[in-house]
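Participant: Residue numbers (the numbering used here), protein chains in the order written: chain A, 18 to 347; chain B, 18 to 347.
All residues carry an ideal CB built from backbone N, CA and C; glycine is no exception.
As the structure is a prediction and not an experimental result, all values here were calculated from the model.
(1) Is it a yes or a no for the stretch 289 to 299 of chain B touching the stretch 333 to 342 of chain A, going by three-plus beta-carbon pairs under 8 Å?
(2) Could you give the DSSP three-state label for residue 160(B): helix, strand or coil?
(3) Flag residue 65(B) as yes when its Cβ comes closer than 8 Å to any non-hydrogen atom of the ligand ATP, and as no otherwise.
(4) Going by the DSSP bridge assignment, what does residue 103(B) pair with across the sheet?
(5) In chain A, which residues lie less than 7 Å from residue 298(B) when you measure between Cβ atoms?
(6) Let me check understanding here. Comparing Cα to Cα, which of 303(B), 60(B), 187(B) and 326(B) lies closest to residue 253(B)?
(7) When the cut-off is 9 Å and only beta carbons count, does residue 322(B) lie next to chain A?
(8) Looking only at its own chain, which residues have a Cβ that is under 6 Å from the Cβ of residue 57(B), when we skip the five neighbours before and after it?
(9) Who are the neighbours of residue 307(B) on chain A, taking C-beta pairs under 9 Å?
(10) Name, in chain order, the residues that DSSP records as bridge partners for residue 190(A).
(11) Residues of chain B with a CB under 7 Å from the CB of residue 67(A): which are they?
(12) On the three-state DSSP scale, how would you describe residue 328(A)?
(13) How far does the alpha helix (DSSP H) with residue 45(B) in it reach, from first residue to last?
(14) Under 8 Å: do the stretch 83 to 98 of chain A and the stretch 150 to 158 of chain A share three or more Cβ pairs, one atom per stretch?
(15) Would a check of beta-carbon distances place residue 292(B) closer than 9 Å to chain D?
(16) Does the Cβ of residue 9(A) have 16 or more other Cβ atoms within 10 Å, making it buried, or fewer, making it exposed?
(17) Is there a Cβ of chain A sitting closer than 9 Å to that of residue 48(B), yes or no?
(18) Measure from the C-beta of residue 284(A) to each C-beta in chain B and report whether the shortest distance is under 9 Å.
(19) Considering only C-alpha positions, which residue in the set 22(B), 264(B), 317(B) and 342(B) is nearest to residue 87(B)?
(20) For residue 95(B), decide whether its Cβ has a neighbour in chain A, counting only Cβ atoms nearer than 9 Å.
(21) Which whole-angstrom value is the C-beta distance of residue 28(A) and residue 51(A), which I expect to be below 8 Å?
(22) Determine whether the beta carbon atoms of residue 262(B) and residue 220(B) lie at a separation below 9 Å.
(23) Using CA coordinates, which residue listed in 304(B), 90(B) and 65(B) is at the minimum distance from residue 7(B)?
(24) Helix, strand or coil, according to DSSP, for residue 70(B) in the structure here?
(25) Determine whether the Cβ of residue 287(A) lies closer than 9 Å to any Cβ atom of chain B.
(26) Would you mind sorting residue 250(B) into buried or exposed? The rule is 16 or more other CB atoms within 10 Å of its CB.
(27) Identify the contact partners of residue 64(A) in chain B, using a Cβ-Cβ distance below 9 Å as the criterion.
(28) With a Cβ-Cβ cutoff of 9 Å, do residue 325(B) and residue 294(A) count as a contact?
(29) At the 9 Å Cβ level, is residue 351(A) part of the contact set with chain B, yes or no?
(30) Any beta carbon from chain A within less than 9 Å of residue 60(B)'s own beta carbon?
(31) Could you pull the DSSP bridge partners for residue 185(A) from this structure?
(32) Under the DSSP definition of a beta bridge, which residues are partnered with residue 261(B)?
(33) Check residue 231(B) in the structure and name its three-state DSSP category.
(34) Mind listing the chain A neighbours of residue 190(B)? Cutoff is C-beta to C-beta under 8 Å, in chain order.
(35) Against chain A, with Cβ distances strictly below 9 Å, would residue 225(B) count as a contact?
Next comes the structure, spelled out in structure tokens:
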């Protein structure tokens, strides 16, 4: 590390003074994922977190998530709230200001100091985004934003998991994208607090809404009064590109927020988020013990692999031997 | 397990007799990921693997990978080779015959016993596809297919990793999909043995090819004679939907195959694949120790999370305590 680089206490102090550069550097630090730095950072920031409302927005490519996020941001700003957007794309190695989309999007809010936009990518380290995202949210929370929007591309398992660590999770759909099939995708019915059908002016929006409604009713009747959630996910139609339906959507965020408060479920969400963060950190520590095996320099793994390649040993027995060697401490 | 269900030795025997049902069941077993079954299965199959040529095909959604794979398959069949296709979609929970695409695709080859198509999804278990894919390849290899094509959606880290465990890795691109940006995506320059520009009849194909060529030359001059690979990845243009360029592409597979043989790099690839498989199995064993933490029933994690949610403890210290408790064996 160059001697001129600011230390973590410097950056944390800068964050406290509202400095954007300190914020950006801290997020880069999280992406880089250097274990000891992360530990120091999270420890020092943690006591001042817990104030932001975290909104997860997920959905397949093509539903117009970015436009939706931008429109939501504009409405939240109108209501006097500051907004941080974390755009998480598991399929992209780009991050920071590097992605073209970021720059295009910045333009509509770039004069507004109440908005911060950042895209984040996995940079190929093992824990990936399910490890980095909750920690980036902590930084944005500590930076004092009223709302932190975590926008994730796709509705795969990890994206759903990322979204599910939010206070409110929005699952966005659009007509003509596989309709029924996309709605049935992994776990979205369980994680969604609010559904958005974007591009609601296009053909098929009504059909998609009724399909979704039907699936929700089916799911509800199957679960019966399971845990009595007391919250029926609304299906909000929007045309984000023209700002239509956005006010009602943001009202739905507030309604969900009140529900969390009044039902006592906010505490449950906070606990869930804590479980998620702690487990991901613990799993990352374990993964790290394996990370030196990535560079092809581990003699035990190399010798086992040679036997496996020669079909002299099966890979399960080799894995057993590897674990024994690793845990023996060597 | 119902008593009538075939045992693993039954299924392995069925596989040896060329029974498709046994093959399909074994793949389902791998997807389900029950540890002891997998171990027994891989151990008994392993000695008869190592004969198939494994071709990885990766690329962003929209480049026409499925059409490309189908066209390649038709050409390989014309050359008298049997083909198994494993379509891996990390963003989909669907698998087996469940996905509509599978059925559509089956039609062109359904009367052909020399072709087997299977899509595979992660089913949400922790290790996911980077764990399951190499093991599914082992089964297809043991089933006696000449070529096993592993088609992965996206060019994210895990997809690249999956493709990289092949003998030959094809990275497919198409004009008008972000061009330069997509070509720069994580690690594709390093893993690609062959580039395909599909939809080469569309505007921008030439530009994409020269951009790619430029990046390859840059990468090459930076690496100099690094490890003297002796293989310059060809850029093959195709219009898969009309079968154009497919013969030349399959010729390129053969050329790469000869290169691997003559340069002695085949042994290196086999060793790499073994490293990959062994490491993934070992990592999965470790992940499994964490899997009981997923259901929210672990008292240690719950109590730590409550402290973290209350901001009485930071998540790193909580993770340390969790690991200590887990490794203490409790």
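Facilitator: Taking the coordinates as given:
(1) yes
(2) coil
(3) In the structure on display, the ligand ATP does not appear, and there are no ligands present to speak of.
(4) 135(B) and 167(B)
(5) 332, 333 and 336
(6) 187(B)
(7) yes
(8) 25
(9) 296, 299, 300 and 303
(10) 214(A)
(11) 328
(12) coil
(13) For residue 45(B), the enclosing alpha helix (DSSP H) starts and ends at 37 to 49.
(14) no
(15) Annotation note: the requested chain D is absent from the structure, which comprises protein chains A and B.
(16) Look at the range of chain A in this structure, 18 to 347, and you will see that residue 9(A) is not part of it.
(17) No, residue 48(B) lies away from the interface with chain A (no Cβ there is under 9 Å from its Cβ).
(18) yes
(19) Comparing Cα-Cα distances from residue 87(B) to each of 22(B), 264(B), 317(B) and 342(B), the minimum goes to 264(B).
(20) no
(21) Taking the Cβ atoms as the reference, residue 28(A) lies roughly 14 Å from residue 51(A), outside the contact range of under 8 Å.
(22) If you check the CB distance, residue 262(B) and residue 220(B) do not come in under 9 Å.
(23) Outside the shown range of chain B (18 to 347) lies residue 7(B), about which nothing can therefore be said.
(24) Looking at residue 70(B) - three-state DSSP - the assignment turns out to be strand.
(25) yes
(26) buried
(27) 328 and 331
(28) yes
(29) No statement about residue 351(A) is possible, as the shown extent of chain A runs from 18 to 347 and does not include it.
(30) So yes, residue 60(B) belongs to the interface.
(31) 72(A)
(32) 256(B)
(33) helix
(34) Chain A residues near residue 190(B): none, gap ~14 Å exceeds 8 Å.
(35) no
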